[in-house]
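Position in the sequence shown counted from 1, then plus 934, gives you the numbering used here.
Below is one structure, written out as structure tokens; comments come after it.
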Amino acid sequence: MDELKERIRAEGQNLGEGILKIDSLLNHQIDAGLIMRCGEEIARRFRNAGVTRILTAEVSGIAPAFAAGCALGVKVVYARKVKPVTMYGPVYLETAPSHTKGMDVQLLVAAEFMPSGERVLIIDDFLASGKTLRSLVRIVRSARSEVAGIACVVEKTFEGGRAALEHYNVPIESLVTIRSMDNGQIVFGD
């Protein structure tokens, strides 16, 4: 997606150690128009996948998942990192490392919002190591639903996440790929 790539070139910051700051677009401030177009592009790529529900992780996955959910006309569920008092009954729980927080986080989804028999599209802001996405896949499978595909706004191919997910044999789509962030540069893939 050329528009997204150009915005990352103009506003993205390489903070080192594989961390890309795109807070002006998605991870703190949301450029609603851009993210809606990202969601529409994700929806276009998965239009024929029979998606009945979208799953993401809070917080930064919510905006692109919502945009894709609007375009596909399906419900969006997000895994919470802290269990609220309103979440009771059966819960799907997985743990995933957070690259930006430097620690493991819990991902919780109330079973009432992840019923069995769904075709779930998993969406997140970044595909890096793939560990968060693998946790979301486990939640979908625990719910006895099927993963229809995985979509990310930005993929950092140099972190190997795609290879960690390929054994699921589902489509994996990224709107923008970054193949290197060495020497303070951001080098995009094709």
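Don't be surprised by glycine CBs; every beta carbon is placed ideally from N, CA and C.
Any non-hydrogen atom of the ligand FMN closer than 8 Å to Leu960 Cβ: With respect to the ligand FMN, the structure shown offers nothing to examine, as it has no ligands at all.
Residue range of the unbroken beta strand (DSSP E) whose run includes Val1011: First-last of the beta strand (DSSP E) with Val1011: Lys1009 to Ala1013.
Quick one: Cα of Arg1014 to Cα of Ala1062, how far? Going by the C-alpha atoms only, they are around 20 Å apart.
In the structure shown, what three-state DSSP assignment does Leu1109 receive? In the structure shown, the three-state DSSP call for Leu1109 is strand.
Beta-carbon proximity of Val1010 to Ile988, cut-off 9 Å: Yes.
Among residues of its own chain, excluding the 5 on either side of Asp1058, which ones have a beta-carbon nearer than 7 Å to its beta-carbon? Once the five neighbours on either side are set aside, the close Cβ partners of Asp1058 are Thr990, Ala991, Gly995, Thr1066, Leu1067 and Cys1086.
Residues bridged to Gln947 by DSSP? Secondary-structure assignment with DSSP links Gln947 through a beta bridge to Lys955.
Ala1085: first and last residue of the uninterrupted beta strand (DSSP E) it sits in: Boundaries of the beta strand (DSSP E) harbouring Ala1085: Glu1080 to Lys1090, taken from the DSSP string.
Secondary structure of Ile1056, DSSP reduced to three states: Here DSSP, grouped into helix, strand and coil, assigns Ile1056 to strand.
Between which two residues does the alpha helix (DSSP H) holding Glu1093 run? Per DSSP, Glu1093 belongs to no alpha helix (DSSP H) and is neither H nor E.
In angstroms, rounded to a whole number, what distance separates the CA positions of Glu1089 and Thr1020? The straight-line gap from Cα to Cα measures roughly 34 Å.
Looking only at its chain, what residues have a beta carbon closer than 6 Å to the beta carbon of Leu1055, apart from the 5 residues adjacent to it on each side? Contacts found: Phe980, Val985, Ile988, Ala1082 and Gly1083.
Counting C-beta neighbours from all protein chains within 10 Å, is the total for Gly1003 16 or more, i.e. buried, or is it exposed? Buried, by the Cβ-count rule.
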